[in-house]
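**Q** Quick one: this structure, given as C-alpha cells, is what I'll be asking you about.
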Amino acid sequence: MNDAAPAAVTSRSSRMVEFLLSLRLDQLPQDVIREARIRLLDGLGCGLYGAVMPWGKIIADVVYDEGSSGAATIYAHAKPVAPARAALVNGTATHGIELDDIAPGAHVHPGAVVIPAALATAEQHNASGERLLLGLIAGYEAMARVGRAIGEAGWGFHITGVAGPIGAAVASGVTQGLPFDQVMRAVGITCSNAAGIKSFTQGSGGMIKRMHAGRAAESGVLACALARKGFTAPLAALDGRFGLLEVFGGDQARPEALDRNLGKEYVVSRVWTKVFPCCGVLHTTAQALDALRVEHKFQPADIKSVRVGTNKRAIALNGAVAPKETMAAQYSMPFTAAVALTRDPRDPRHYATEALDDNVVCDLARRVELYPDPEMEALYPRYATRAEVKLKDGRTVETKLLDAHGTPADPCTEDEAREKFRCLAEAAVSRDAIAEVLSIVERIDKLDSVRKLSQALRAGART
Numbered sequence: 013m014n015d016a017a018p019a020a021v022t023s024r025s026s027r028m029v030e031f032l033l034s035l036r037l038d039q040l041p042q043d044v045i046r047e048a049r050i051r052l053l054d055g056l057g058c059g060l061y062g063a064v065m066p067w068g069k070i071i072a073d074v075v076y077d078e079g080s081s082g083a084a085t086i087y088a089h090a091k092p093v094a095p096a097r098a099a100l101v102n103g104t105a106t107h108g109i110e111l112d113d114i115a116p117g118a119h120v121h122p123g124a125v126v127i128p129a130a131l132a133t134a135e136q137h138n139a140s141g142e143r144l145l146l147g148l149i150a151g152y153e154a155m156a157r158v159g160r161a162i163g164e165a166g167w168g169f170h171i172t173g174v175a176g177p178i179g180a181a182v183a184s185g186v187t188q189g190l191p192f193d194q195v196m197r198a199v200g201i202t203c204s205n206a207a208g209i210k211s212f213t214q215g216s217g218g219m220i221k222r223m224h225a226g227r228a229a230e231s232g233v234l235a236c237a238l239a240r241k242g243f244t245a246p247l248a249a250l251d252g253r254f255g256l257l258e259v260f261g262g263d264q265a266r267p268e269a270l271d272r273n274l275g276k277e278y279v280v281s282r283v284w285t286k287v288f289p290c291c292g293v294l295h296t297t298a299q300a301l302d303a304l305r306v307e308h309k310f311q312p313a314d315i316k317s318v319r320v321g322t323n324k325r326a327i328a329l330n331g332a333v334a335p336k337e338t339m340a341a342q343y344s345m346p347f348t349a350a351v352a353l354t355r356d357p358r359d360p361r362h363y364a365t366e367a368l369d370d371n372v373v374c375d376l377a378r379r380v381e382l383y384p385d386p387e388m389e390a391l392y393p394r395y396a397t398r399a400e401v402k403l404k405d406g407r408t409v410e411t412k413l414l415d416a417h418g419t420p421a422d423p424c425t426e427d428e429a430r431e432k433f434r435c436l437a438e439a440a441v442s443r444d445a446i447a448e449v450l451s452i453v454e455r456i457d458k459l460d461s462v463r464k465l466s467q468a469l470r471a472g473a474r475t
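Going from the sequence shown to our numbering is simple: count from 1 and add 12.
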C-alpha cells in the first residue's frame, strides 16, 4: 500500500508553512536580514563555547564513536558527520551555556535548534548563504509560533524540546528547497517526536536540558530526509485532532498564533540576545545587582542582607540556594544574585563546576531572600525584579529593573553581538578562525556556498 500522496489540507499550520516556503530574501526588509545575520553569529558563538563543555564533548565523542560520516560540521571539530547527527551535537552545544537566544512570549530557544538544523542541511546540499538565511528566518518563525500556540498549559514540558522539532523541520525544508507537501509531512513526523520535560529544574542531571535542543534539531533534519524519500505522517499532526497543540496545550492552546499576522513582523527581529549565562528569568536580577555593586563599590564582606522581589513562578522554580552542578546554578536566583554581587555575572566560567563551592558566593547566596512582589507579579511574563542590598555600615541601596539588557525592550547593539561572539568563540577556535567567521557572516547572504563557513568553523579548532 502506498499512502504517500498528500491529502488536501487547509489549516492554520498549512497556511503558516505555505507562507514560510514563499519567503524570498529580496522581498524581506533589510532589518530582518540584518537581524538574521546577528542571530546566526550569536548561535555560532554559543555553539563554539558549548563544544568544549563536558556535555558538548560527550555527545560529539558518542557520534564519532558511532562512525558517523557525511558532509556536516561539528563545531570546532575537523571531521564532518551525517547532517542529523551534526544537528544533534551542535544543538546540544549551543544550548549548553544558557546564552542562546530566546523568543519572548514563546518560551523557546530558537537559535539552539534552528541554526544547527539549517546549517547541517545547507552543508549537505551545498546551499548558498541566502538559502541558509531563509531557512533560519523561517525556522525561527515556525518554532516561536508553535511555542506561542501551545500556550501556558505545558507547564512541565520544556517547550524548546516540544516546538523545536517543527522549527527545525521548517528550517531544513526551506534551506534545501523542499516542496510544500514534503515539508508538511516533515512537520507531521516531528510532531510525534516532540519531547522534553523540566525535571532538570529539580537540581540534578542538568546535561539532559542541553540535549533537548540537540534532539529537536536532529529531529527536524531527519524528518525532512524521511519526507523527501516518501515517508508519511498526518498532515494535521500539529493543529488537528490529537495533534501536538491539543496534546501539549489542551484548553489553553492558541492555534490562531500559527498564522496570525504572517509577514507583518518577523520573529528574528524581536529576539532576546542573552547577556548573562543563566536562565532568562534571572537576568534582571543579575543586571540589577551587578549595577548596584558597580555603582556603590561595596565588597562582599560589606553586605548584611539581600532581598529580591520577583514573581511567584521564579520563586518556585529558581529558589535553590546551594546548587551542586552547573545547570542547577544557572537556574538558581540566590546563586546568580551572589555571583552578581561579587564578580562579573556575564562570565560563564562563574557557573563552572569548580566555581560552585566558592565560599564567598555560597555564603552570600544563603543570605539572599526571595519574596513575591505584587508589582513584579503583575508584570509577568516580563521577568521584572526589585533588588535591595543592606550594608553593614547602615546604608540600604536598591533598584528596580523591568527588562534586562538584550531583550527587545533594551536590545544589544551589533557591536555587542560581535564582541559576545569573539569572547565565546575564543574558547574553541583560533583568532584567525574567529575573524574569518565574522567576515563570512557579515556577507552570508552573498555567499555562493555555505561550505566556506563550515571550513572556518573547523579551522584552528582547540578541541
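The beta carbon of each residue, even a glycine, is placed where N, CA and C say it ideally should be.
In this text the structure is predicted, and so the values were computed from the model without any measurement.
On the three-state DSSP scale, how would you describe residue 287?
**A** Note: residue 287 maps to coil in three-state DSSP.
**Q** Give me, in chain order, the residues of the same chain whose beta-carbon lies closer than 8 Å to that of residue 265; leave out the 5 immediate sequence neighbours on both sides.
**A** Answer for residue 265: 161, 162, 163, 165, 257, 258, listed in chain order.
**Q** Do residue 92 and residue 82 come within 8 Å of each other at the CB atom, strictly closer than that value?
**A** Result yes, Cβ atoms of residue 82 and residue 92 sit closer than 8 Å.
**Q** Can residue 35 and residue 195 be called in contact, C-beta distance under 8 Å?
**A** In this structure, residue 195 does not lie closer than 8 Å to residue 35 by Cβ.
**Q** Have a look at residue 513 and residue 452 and give me their C-alpha separation to the nearest angstrom.
**A** There is no way to answer for residue 513, as the model of the chain reaches only from 13 to 475.
**Q** Please check the pair residue 301 and residue 353, which I expect to be a contact at CB under 8 Å, by giving their CB distance rounded to whole angstroms.
**A** So it is a contact: roughly 5 Å between Cβ atoms.
**Q** Which complete alpha helix (DSSP H) runs does the region 353–402 hold, if anything under 4 residues is left out?
**A** Those alpha helix (DSSP H) runs which fall completely within the region 353–402 and span 4+ residues are 371–377, 386–391.
**Q** For a test of the three-state rule: what should DSSP assign to residue 64, helix, strand or coil?
**A** Reduced to three states, the DSSP call for residue 64 is coil.
**Q** Residue 286 and residue 112: beta carbons closer than 8 Å?
**A** Yes. Within cutoff.
**Q** How many whole angstroms separate the CB atoms of residue 24 and residue 193, which I take to be in contact at a CB cut-off of 8 Å?
**A** Residue 24 to residue 193, Cβ: 17 Å. No contact.
**Q** Measure the CB-CB distance between residue 124 and residue 106 and report whether it falls below 8 Å.
**A** Their beta carbons are under 8 Å apart, which means residue 124 touches residue 106 by this criterion.
**Q** Comparing C-alpha positions only, which one of 466, 98, 473 sits nearest to residue 139?
**A** Ranking the options by Cα distance to residue 139, first place goes to 466.
**Q** The alpha helix (DSSP H) with residue 301 in it runs from where to where?
**A** Here the alpha helix (DSSP H) through residue 301 covers 295–308.
**Q** Which residues bound the beta strand (DSSP E) around residue 413?
**A** 408–413 is the extent of the beta strand (DSSP E) around residue 413.
**Q** Please confirm if the region 423–442 is in contact with the region 317–337, defined as three or more CB-CB distances below 8 Å between the two stretches.
**A** No: fewer than three Cβ pairs fall under 8 Å.
**Q** Tell me which residues share the same chain as residue 20 and place their Cβ nearer than 7 Å to its Cβ, disregarding the 5 neighbours each side in the sequence.
**A** Unreliable placement is indicated for residue 20, whose pLDDT of 46 sits below 50; no coordinate value is reported for it.
**Q** Tell me which residue opens and which closes the alpha helix (DSSP H) that residue 104 is part of.
**A** First-last of the alpha helix (DSSP H) with residue 104: 95–106.
**Q** Which class does residue 419 belong to by DSSP, given the choice of helix, strand or coil?
**A** Coil, per DSSP.
**Q** Are three or more beta carbon pairs between the region 118–134 and the region 165–184 nearer than 8 Å?
**A** With the cut-off at 8 Å, the region 118–134 and the region 165–184 touch.
**Q** Give the DSSP-derived three-state secondary structure of residue 84 in the structure shown.
**A** Three-state result, residue 84: strand.
**Q** Give the C-beta separation of residue 381 and residue 317 to the nearest angstrom, bearing in mind that I take them to be a contact with Cβ-Cβ under 8 Å.
**A** Confirmed, Cβ separation roughly 7 Å.
**Q** In this structure, does DSSP put residue 186 in helix, strand or coil?
**A** Residue 186 falls in the helix class under three-state DSSP.
**Q** Is the beta carbon of residue 429 less than 8 Å from the beta carbon of residue 53?
**A** Cβ atoms of residue 429 and residue 53: closer than 8 Å.
**Q** One question on the structure: do residue 365 and residue 290 come within less than 8 Å of each other, judged by their Cβ atoms?
**A** Cβ atoms of residue 365 and residue 290: not closer than 8 Å.
**Q** Based on the DSSP secondary-structure assignment, which residues constitute the bridge partners of residue 169?
**A** Bridge partners of residue 169: 209.
**Q** Just the Cα atoms here: how many angstroms apart are residue 386 and residue 375?
**A** Approximately 28 Å, taken between the alpha carbons.
**Q** Using a Cβ-Cβ cut-off of 7 Å (strictly less than) and excluding sequence neighbours within five positions of residue 394, which residues of its own chain qualify?
**A** The answer, listed in chain order, is 414, 415.
**Q** To the nearest whole angstrom, what separates the beta carbons of residue 245 and residue 186, a pair I think is in contact under 8 Å?
**A** Not a contact, Cβ separation roughly 18 Å.
**Q** Which of the three DSSP states, helix, strand or coil, is assigned to residue 443?
**A** Three-state result, residue 443: helix.
**Q** Given residue 448, which residues of its chain have a CB within under 8 Å of its CB, disregarding the five upstream and five downstream residues?
**A** Taken in chain order, the residues that qualify are 468, 471.
**Q** Measuring CB to CB, does residue 57 end up less than 8 Å from residue 437?
**A** Contact: yes.
**Q** Alpha carbon to alpha carbon, what distance is there between residue 191 and residue 220?
**A** Rounded to the nearest angstrom, the two C-alpha atoms are 34 Å apart.
**Q** Tell me the rounded alpha-carbon separation between residue 46 and residue 457.
**A** Going from the Cα of residue 46 to the Cα of residue 457 covers about 10 Å.
**Q** Count the C-beta pairs between the region 269–286 and the region 332–343 that are closer than 8 Å, then say yes if the count reaches three, no if not.
**A** The answer is no - the region 332–343 does not touch the region 269–286, with fewer than three Cβ pairs under 8 Å.
**Q** In chain order, what residues of the same chain have a beta carbon less than 6 Å from the beta carbon of residue 282, not counting five sequence neighbours either side?
**A** These residues qualify, in order along the chain: 420.
**Q** Compute the distance between the beta-carbons of residue 104 and residue 184, then report whether it is under 8 Å.
**A** Not closer than 8 Å, so no.
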